[in-house]
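If you read the sequences in order, they're chains C and X.
Residue 304 in my numbering sits at position 304 of the first sequence; the count goes up by one each step and never skips.
Residue 8 in my numbering sits at position 8 of the second sequence; the count goes up by one each step and never skips.
Where a beta carbon is used, it is the ideal one built from N, C-alpha and C, also for glycine.
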Amino acid sequence: MELGRQIASRLKDATFERIAAAGVANAAINRPHIGRSILELATLPLGAGDSAIVIGAGPSLHRRRSLERLRALCYTGTIVAVDGALGSCLRAGIVPHLVVSVDPHRERIVRWFGDPSLTAAPADDYFRRQEMDPMQAADELAANRELIRLVDAHGPSMRVAAATSAAPEVVARCTAAGMELFWWNPMYDDYDDPESVSRRLNRDNGLPCLNGGGNVGTAAWVIAHAVLGKRRVGLVGIDFSYPPNTRYERTQYYPELRSLLGERYADAYIHVEHPVLRERWFCDPAYWWFRDVFLEMARDAECRTINCTEGGILFGDPVELAALEDFVNVKAARTA
Amino acid sequence: MSKFLKGNYELNVNIDDTRADDAERTVDEFERKALSRLGGSICFVSKKGFLWKGENGARTSDRKPS
Chain C
1 MELGRQIASR
11 LKDATFERIA
21 AAGVANAAIN
31 RPHIGRSILE
41 LATLPLGAGD
51 SAIVIGAGPS
61 LHRRRSLERL
71 RALCYTGTIV
81 AVDGALGSCL
91 RAGIVPHLVV
101 SVDPHRERIV
111 RWFGDPSLTA
121 APADDYFRRQ
131 EMDPMQAADE
141 LAANRELIRL
151 VDAHGPSMRV
161 AAATSAAPEV
171 VARCTAAGME
181 LFWWNPMYDD
191 YDDPESVSRR
201 LNRDNGLPCL
211 NGGGNVGTAA
221 WVIAHAVLGK
231 RRVGLVGIDF
241 SYPPNTRYER
251 TQYYPELRSL
261 LGERYADAYI
271 HVEHPVLRER
281 WFCDPAYWWF
291 RDVFLEMARD
301 AECRTINCTE
311 GGILFGDPVE
321 LAALEDFVNV
331 KAARTA
Chain X
1 MSKFLKGNYE
11 LNVNIDDTRA
21 DDAERTVDEF
31 ERKALSRLGG
41 SICFVSKKGF
51 LWKGENGART
61 SDRKPS
């Protein structure tokens, strides 16, 4: 087995190691702010009909102009966006019904909502290196100011599906912007184990535990069908990978792979040809794990999943591929 | 090997075989920590459904579609 896939096969436990302590610590800080459960979202009028579109922050969102096209289609179903895609949505004139935030990182994630405390470009190059929001990569301070304005303007129209693991800074920012929060626990481990972290959190705050699939995009998809009960779920910006010709230095886990593997770091990337575009995309081990997990979860889901990303590596049974226009206009989709 | 080599004497020193275990544990620990830097932002738990509502709750697969 090649190196990238070997590493990917071990990321289930590694993820627990990476985020459980921080997530549980954040849950304790967030505890006094926890009010409504995510289950209440099912009773609210969030878009018409039985379909939803989940907006991820992958590079196809901009390459395919998915948001501009979505706006032109006047889609009336439910729109669920990951936090990293919020800025792109608002700049494109799309106000999601629901924004999902999960990551416990205390400094970075609040930037997706506009960070009022940011006064100078930070030493952390995460936003300059990331592929999720090109605006944030170009001029961090100007993009942040603009995002603060947009989130403040549209905050009261949006709900947040907030994991208890979410950064307290995100919770404060969303609350200040007038966004209403609906809470859930990440499922950390097997709740049938009496010592399980998930069980302990549920006992403490009474919130349901949601199986997040490794990343916020998959968590948003789970919310769309398992909480909101949507039966057709379209995906845009869920690439789990990088377009051809992306430099390795511009990928999410480059510093970690470099420091772990030295000059062998490039061996960890996995290259895959898209079955429709015939483009050769590539991903790091984490993204490959996200893809495997998504396909496994999709087989158990009580919904059709139609990937309208038009790029990336998320294809294969039972995920269908279609153009965004075909999804919105309910034309037949096909399985890759 | 032990079926070919049999001692007919007692050693008067204690063999510390925990040292090898410790080294193995250290490597495992390092590997675990190293891999954790490559993990995701939320866990995935196999074969446990999408949503668990607690001891008295039902999984979402029991929920009626909208």
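If you measure from the beta carbon of residue 209/C to each beta carbon in chain X, is any gap under 7 Å? yes
Can you pull the chain X neighbours of residue 10/C, defined as C-beta to C-beta under 8 Å? 35
Fully enclosed by the segment 33 to 69 of chain C, which beta strand (DSSP E) runs are 3 residues long or longer? 51 to 55
Count the other CB atoms, across all protein chains shown, that sit within 10 Å of the CB of residue 247/C; report buried if there are 16 or more and exposed otherwise. exposed
Judging by CA-CA distance, which residue of 144/C, 49/C, 197/C is the nearest neighbour of residue 127/C? 144/C
Per DSSP, cross-strand counterpart(s) of residue 273/C: 280/C
DSSP has residue 161/C in a bridge; who is on the other side? 100/C, 182/C
Residues within the segment 224 to 235 of chain C neighbouring chain X, beta-carbon criterion of under 9 Å: 225, 226, 227, 228, 229, 230, 231
Selection from 10/C, 320/C, 129/C, 219/C that minimises the alpha carbon distance to residue 38/X: 10/C
Just checking, does the segment 322 to 332 of chain C make contact with the segment 42 to 49 of chain C on the three C-beta pairs under 8 Å criterion? no
Using the Cβ count rule (16 or more neighbours within 10 Å means buried), how would you classify residue 162/C? buried
Would residue 32/X count as contacting chain C if we go by Cβ distances under 7 Å? yes
For residue 42/X, the three-state DSSP class (helix, strand or coil): coil
With 16 as the cutoff for other CB atoms within 10 Å, does residue 72/C come out buried or exposed? exposed
Under 9 Å Cβ-Cβ, which residues of chain X neighbour residue 83/C? Those within 9 Å of residue 83/C in chain X number zero; the least Cβ separation is about 10 Å.
Could you tell me the distance, in whole angstroms, from the CA atom of residue 332/C to the CA atom of residue 218/C? Per-residue confidence for residue 332/C stands at a pLDDT of 47, beneath the threshold of 50, marking its modelled position as unreliable; no derived number is given.
For residue 328/C, I'd like the list of residues in its chain whose CB is within less than 6 Å of its CB, leaving aside the five on either flank, ordered along the chain. 73, 75
Taking CB distances under 7 Å as the criterion, tell me whether residue 66/X reaches chain C. Only weak support exists for where residue 66/X lies, its pLDDT of 37 falling under 50; the value from the coordinates is given anyway. Chain C contact via Cβ: present.
Tell me which residues share the same chain as residue 276/C and place their Cβ nearer than 7 Å to its Cβ, disregarding the 5 neighbours each side in the sequence. 321
For residue 231/C, collect the residues of the same chain with a Cβ closer than 6 Å to its Cβ; drop the 5 residues on either side in sequence, then sort them by chain order. 50, 303
Could you pull out every residue in the same chain whose Cβ sits closer than 7 Å to the Cβ of residue 62/X, ignoring the five residues on either side in sequence? For residue 62/X, the predicted model reports a pLDDT of 40, less than 50, meaning its position is unreliable; a value from the coordinates is still stated below. Cβ neighbours of residue 62/X beyond the five flanking positions: none.
Give the single residue among 185/C, 168/C, 196/C, 158/C whose Cα lies nearest to the Cα of residue 178/C. 158/C
For chain X, find out if any of its Cβ atoms is closer than 7 Å to the Cβ of residue 212/C; answer yes or no. yes
Per-residue burial, residue 13/X [other beta carbons within 10 Å of its own, 16 or more giving buried]: exposed
Nearest CA to the CA of residue 92/C: which residue from 122/C, 68/C, 296/C? 68/C
Pick out whichever of 80/C, 88/C, 295/C, 103/C has its Cα sitting closest to the Cα of residue 16/C. 103/C
Taking the beta carbon of residue 186/C as the centre, do at least 16 other beta carbons fall within 10 Å, making it buried, or is it exposed? buried
State yes or no: is the beta carbon of residue 286/C nearer than 7 Å to at least one beta carbon in chain X? yes
With a cut-off of 8 Å, do at least 3 Cβ pairs link the segment 285 to 299 of chain C to the segment 34 to 41 of chain C? no
How would you list, in chain order, the residues of chain X whose beta-carbon sits under 9 Å from the beta-carbon of residue 98/C? Here the premise fails: no neighbours, minimum Cβ distance about 14 Å.
Closer than 7 Å to chain X by CB, residue 121/C: no
Residue 3/C beta carbon less than 7 Å from that of residue 166/C: no
Buried or exposed: which applies to residue 265/C, given that a residue is buried once 16 or more other Cβ atoms fall within 10 Å of its Cβ? buried
Whole-Å CB distance - residue 83/C paired with residue 109/C, under 8 Å assumed: 6 Å
Starting from residue 286/C, trace the alpha helix (DSSP H) both ways and give me its first and last residue. 285 to 300
In chain X, which residues lie with their C-beta within 8 Å of the C-beta of residue 198/C? 45, 52
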